[in-house]
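K.L.:
Chains A and B supply the protein sequences, listed in that same order. Just so we're aligned: the first sequence equals residues 1 to 215 in the working numbering. Just so we're aligned: the second sequence equals residues 1001 to 1216 in the working numbering. I'd like to ask you about the structure that follows.
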Amino acid sequence: MSVRRPAYEVAHVDELDEIPVAHGLVWRPVRRRLDVRAFGVNAYTSEEVGGQVVEEHTESQLGHEEIYVVLRGCATFTLDDEEVEVRGGSLVHIPEPEVRRVAISREPGTTVLALGGKPGAPYEVSAWEAMFLAIPAAERGDFEEAIRIHEEALAERPDHPALLYNLACMEARAGKHLDALLHLKRAVDLDPKYARFARDDTDFASIRAEPGFPG
Amino acid sequence: MRRWRVVTLDEAEHRRGWIPLRELLDVRAFGVNAWSVENAGDPVIPAHEEHSTGHEELYVVVRGHAQFTVAGDEVDAPIGTIIFVRDPAVERGAVATSADTIVLSAGAKPGAAFTPSPWEWNARAMQPYYTGDYQSALTGFEAGHALFPDDPTILYNMACMEALLGRRDDAIAHLGAAVELGAHSDPLADDDLASLRDDSEFVAIAGEANARRQRA
């Protein structure tokens, strides 16, 4: 049974969960905490100078336009081949999904708020949220928790190949070989490129020799 | 196509405290604006609800300090506070409690592709009104009306500008249409419509507007 959420909720960016991702990037999940359903919104912090406050990526797959608001500190954004310093109280709008973007903290505690959505389409929760959320659990070897996080995301997006592929990775590492094979096969059926990914993925070392492993 | 753009909130175009980010940046995926006030005690987010748009709204205090009132509750909001109003019917507003306060707002309707709301046309057309340029304001409202013919607030504001410009017949026609479509302002209390107060058609429309307001 779904729980009715309150009419409004309040949070402070410093009180949000801190999920370490990589390269100093700490994800502070705003959308997930507040269950925002109309657009994507998250915060990122880096306590150390030189840490990422926006991970290197494009939005080609999701087609999102994005706004990054520097709430505190200062960050150097690299947008394709151009660098720009952005201080607190300024923002970067990137309407073009193909632009490769990354931002590095230039002051301790730099905090960036990201807003995103796809023009002309209703917002859907992005699969990467579950993948980011599962990273700490996977790194401490708690694959059951990592599996739970992926299954929760798949309840909303049952045919998302990247979520199915990552779930299979966690299941293989948890020793759930049959589940891993089934979910990997489903991911490959939905998007054949995952067969190529699986061939060299060390997460699948324990099931690579099993019959049915995608060739 | 411009691939990216950096905006400093202090240097962006301000329209009486409104920084129209969505319009300035041509954001197409969600609504986004910022609100800047100089003094403690200034309203930074006007009291409103989002019933007509169905929007979820998220407010972030980017600078300074504000006191929000949401669903009748008082919420202290220092810099870094995020207030998410899920229910479009809930009234929300905020007053700055320190000088130089900026609040960023983002909004959209869950399950629907974003389209800019008539609110933007209203807010833009209001700018010349503040300086007494009622003809330019009317032109702006007419442009909004062409896009959103059933928006009662745009029609109401057209009536106000026409009354100020001495165009009695147009003002009566548009005020009547606005009331039919649910405009919730009180025409009798609106000084922009003062030139019509002795007009019998205006009195009848204003009576209907107030009867509807009481029923609501």
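From the three backbone atoms N, C-alpha and C, an ideal C-beta is built for every residue, glycine too.
Is it true that the stretch 203-214 of chain A meets the stretch 27-39 of chain A, where meeting means three or more beta-carbon pairs spaced less than 8 Å apart?
P.N.:
No, because fewer than three Cβ pairs between the stretch 203-214 of chain A and the stretch 27-39 of chain A fall closer than 8 Å, the two stretches do not touch.
K.L.:
Counting Cβ pairs closer than 8 Å, one from the stretch 115-132 of chain A and one from the stretch 4-12 of chain A, do we hit at least three?
P.N.:
Too few Cβ pairs lie closer than 8 Å, so no.
K.L.:
Under a Cβ-count criterion, where at least 16 other Cβ atoms within 10 Å of its own Cβ denotes burial, should B:H1048 be classed as buried or exposed?
P.N.:
For this step, residue 1048 of chain B is matched to residue 48 along the second sequence. It is exposed - the Cβ of B:H1048 has fewer than 16 other Cβ atoms within 10 Å.
K.L.:
Check the Cβ of B:T1081 against every Cβ in chain A and list those closer than 7 Å, keeping chain order.
P.N.:
In the second sequence, the residue the question calls residue 1081 of chain B occupies position 81. Residues of chain A passing the Cβ test: V10 and H12.
K.L.:
Taking the straight line between their C-alpha atoms, what separation do you get for B:V1075 and A:H12?
P.N.:
Looking up residue 1075 of chain B in the second sequence gives position 75. Looking up residue 12 of chain A in the first sequence gives position 12. About 12 Å.
K.L.:
List the residues of chain A that B:P1118 touches, going by C-beta distances under 7 Å, in chain order.
P.N.:
Stepping through the second sequence from its first residue, residue 1118 of chain B is reached at position 118. Within chain A, no residue comes near B:P1118; the closest Cβ sits about 18 Å away, beyond 7 Å.
K.L.:
Which residues in chain B sit within 7 Å of A:V36, going by Cβ to Cβ distance?
P.N.:
Position 36 of the first sequence, counted from the first residue, corresponds to residue 36 of chain A. Within 7 Å Cβ-Cβ: E1056, L1058 and F1084.
K.L.:
Please classify B:H1055 as buried or exposed, where buried requires at least 16 neighbouring CB atoms within 10 angstroms.
P.N.:
Here residue 1055 of chain B refers to the residue found at position 55 when the second sequence is read from its first residue. The residue in question, B:H1055, is buried, as its Cβ has 16 or more Cβ neighbours within 10 Å.
K.L.:
How many angstroms separate the CA atom of B:A1177 from the CA atom of B:P1128?
P.N.:
Within the second sequence, residue 1177 of chain B is the residue found at index 177, counting from 1. Within the second sequence, residue 1128 of chain B is the residue found at index 128, counting from 1. Approximately 24 Å between the Cα atoms of the pair.
K.L.:
Give me the Cβ distance between A:R101 and A:F77, rounded to the nearest whole Å; I'm assuming they're in contact under 8 Å.
P.N.:
Residue numbering aside, residue 101 of chain A sits at position 101 when the first sequence is read from its first letter. Residue numbering aside, residue 77 of chain A sits at position 77 when the first sequence is read from its first letter. That pair is a contact at about 7 Å.
K.L.:
Cβ closer than 8 Å: which chain A residues qualify as neighbours of B:A1071?
P.N.:
In the second sequence, counting from the first residue as 1, residue 1071 of chain B sits at position 71. The answer, in chain order, is A7 and Y8.
K.L.:
Per DSSP, what kind of secondary structure is B:D1073 in: helix, strand or coil?
P.N.:
The count along the second sequence starts at 1 and reaches residue 1073 of chain B at position 73. Three-state DSSP puts B:D1073 in a strand.
K.L.:
According to DSSP, is B:S1036 helix, strand or coil?
P.N.:
By one-based count along the second sequence, residue 1036 of chain B stands at place 36. B:S1036 falls in the strand class under three-state DSSP.
K.L.:
Pick helix, strand or coil for B:I1045, following the three-state DSSP scheme.
P.N.:
Here residue 1045 of chain B refers to the residue found at position 45 of the second sequence. It is a strand residue.
K.L.:
A:T45 by DSSP, collapsed to three states: which one?
P.N.:
As a first step, residue 45 of chain A must be located in the first sequence, where it is residue number 45. Looking at A:T45 - three-state DSSP - the assignment turns out to be strand.
K.L.:
Assuming the contact rule is C-beta atoms closer than 8 Å, B:D1100 and B:G1064 should be a hit. Round their C-beta distance to whole Å, please.
P.N.:
Position 100 of the second sequence, counting from 1, holds the residue named residue 1100 of chain B. Position 64 of the second sequence, counting from 1, holds the residue named residue 1064 of chain B. About 5 Å separates the two Cβ atoms, so the contact holds.
K.L.:
Within a Cβ cutoff of 7 Å, which residues of the same chain sit near B:V1037, ignoring the five residues on either side of it in sequence?
P.N.:
Position 37 of the second sequence, counted from the start, is the residue given in the question as residue 1037 of chain B. Here the set comprises G1017, V1044, A1096 and T1101.
K.L.:
With DSSP run on the structure shown, which of helix, strand or coil describes A:M1?
P.N.:
Within the first sequence, residue 1 of chain A is the residue found at index 1, counting from 1. The predicted position of A:M1 is uncertain, since its pLDDT is 48 and thus under 50; no value can be drawn from it.
K.L.:
Using a Cβ-Cβ cutoff of 8 Å, what residues of the stretch 1109-1133 of chain B are near chain A? List them in chain order.
P.N.:
Here the close residues are K1109, P1110, G1111, A1112, A1113 and F1114.
K.L.:
So if DSSP puts A:H57 in a beta bridge, which residue, or which two residues, is it bridged to?
P.N.:
One-based indexing of the first sequence puts residue 57 of chain A at position 57. Bridge partners of A:H57: A:R101.
K.L.:
How would you write the range of the alpha helix (DSSP H) that A:V30 sits in, first residue to last?
P.N.:
Residue numbering aside, residue 30 of chain A sits at position 30 when the first sequence is read from its first letter. V30 to L34 is the span of the alpha helix (DSSP H), which, as asked, contains A:V30.
K.L.:
Answer yes or no: does any C-beta atom of chain A fall closer than 8 Å to that of B:F1030?
P.N.:
Residue numbering aside, residue 1030 of chain B sits at position 30 when the second sequence is read from its first letter. Chain A, which has a Cβ nearer than 8 Å to the Cβ of B:F1030, makes this yes.
K.L.:
For B:I1205, which of B:Q1214, B:A1173 and B:R1215 has the nearest alpha-carbon?
P.N.:
Stepping through the second sequence from its first residue, residue 1205 of chain B is reached at position 205. Closest by alpha carbon: B:A1173.
K.L.:
One question on the structure: do B:V1179 and B:E1142 come within less than 8 Å of each other, judged by their Cβ atoms?
P.N.:
Here residue 1179 of chain B corresponds to residue number 179 of the second sequence, with the count starting at 1. Here residue 1142 of chain B corresponds to residue number 142 of the second sequence, with the count starting at 1. Not a contact, by the Cβ cut-off of 8 Å.
K.L.:
What is the residue span of the beta strand (DSSP E) that A:Y194 lies within?
P.N.:
Here residue 194 of chain A refers to the residue found at position 194 of the first sequence. No beta strand (DSSP E) holds A:Y194; the alpha helix (DSSP H) holding it covers K193 to R199.
K.L.:
Tell me whether the beta-carbon of A:G51 lies closer than 8 Å to the beta-carbon of A:R72.
P.N.:
In the first sequence, residue 51 of chain A corresponds to position 51, counting from 1. In the first sequence, residue 72 of chain A corresponds to position 72, counting from 1. The answer is no: Cβ separation not under 8 Å.
K.L.:
What do you reckon, are the CB atoms on B:Y1156 and B:L1138 nearer than 8 Å?
P.N.:
As a first step, residue 1156 of chain B must be located in the second sequence, where it is residue number 156. As a first step, residue 1138 of chain B must be located in the second sequence, where it is residue number 138. No, the Cβ-Cβ distance between B:Y1156 and B:L1138 is not below 8 Å.
K.L.:
Check the Cβ of B:R1197 against every Cβ in chain A and list those closer than 8 Å, keeping chain order.
P.N.:
For the purposes of this step, residue 1197 of chain B is taken as the residue at position 197 of the second sequence. Within chain A, no residue comes near B:R1197; the closest Cβ sits about 39 Å away, beyond 8 Å.
K.L.:
In chain order, which continuous runs of the alpha helix (DSSP H) of length 4 or greater are located wholly inside the stretch 1066-1137 of chain B?
P.N.:
Runs found: 1118-1130.
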